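So the structure is just underneath, and the comments pick up after that.
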Amino acid sequence: MSPSSHTAAVQNIYEQHHSWLHGWLKGKLHNACDAADVAHDTFVRILGGRHAAQILEPRDYLATIARGLVIDRYRRHAIEQAYKQTLAERPDATAISEEDKAIIIETLVAVDKALAGLGERARRIFMLSQVEGLTYQQIADELQVSLTTVKKHMIRALTECSLIMASL
């Protein structure tokens, strides 16, 4: 599909379904500004694709993308709140610039996304190692798996995190 026909297809979908999507999101999010943001991001996502003319059920397609974006939004909010709570609980209040906070939150969101793509065992092994500070042998003993299994999952988890971090 040529770029101009893709853009025309996105424009057509936008003109026919934007107000419906915004209203649908407003009902889900109970906030017109958040609904407008997610609707905008939904169309940006479609615009970034290359197959808008092949969308047969635009409302279903828009709703699917918007649901994913809303989930990402809630996940990001939960990470931000956990980060703020962790900062507040620190005995020595460290002054962190707003720019650094934004970078830290982006990094945490990216790591969360990378970990979400791993299996449960790999995610658990990574958390035991990186958060709990257990050695690989301690993890193997606790989970009753081989040391080789722990190493394999850690390599996978660290590789995923490295790939995400390289894209930031």
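Take the sequence shown: its position 13, counted from the start at 1, is 13 in full-length UniProt numbering, and no numbers get skipped. All residues carry an ideal CB built from backbone N, CA and C; glycine is no exception. Being a predicted model, the structure only gives us computed values, none of them experimental.
{"Item": "Burial state of Cys161 (16 or more Cβ within 10 Å)", "Value": "buried"}
{"Item": "Other residues of its chain near Ile79: CB distance less than 7 Å, five sequence neighbours each side excluded", "Value": "Ile105, Leu108, Val109, Asp112"}
{"Item": "Minimum length 4: unbroken alpha helix (DSSP H) runs contained in the region 77-117", "Value": "98-116"}
{"Item": "Assigned secondary structure, Asn12 (DSSP; H/G/I helix, E/B strand, else coil)", "Value": "helix"}
{"Item": "Segment contact, 8 Å Cβ cut-off, at least three pairs: the region 81-96 with the region 41-52", "Value": "no"}
{"Item": "Val38 classed as buried or exposed, judged by whether at least 16 other C-beta atoms fall within 10 angstroms", "Value": "buried"}
{"Item": "Close-in-space but distant-in-sequence residues of the same chain around Ala122 (CB under 6 Å, 5 per side omitted)", "Value": "His153, Arg156, Ala157"}
{"Item": "For Thr42 and Ile65, believed in contact at Cβ under 8 Å, the rounded distance", "Value": "5 Å"}
{"Item": "Three-state class that DSSP yields for Gly133 in the structure shown", "Value": "coil"}
{"Item": "Contacting residues, own chain, Cβ-Cβ under 6 Å from Thr149 (five flanking each side not counted)", "Value": "none"}
{"Item": "Three-state secondary structure (DSSP) of Gln138", "Value": "helix"}
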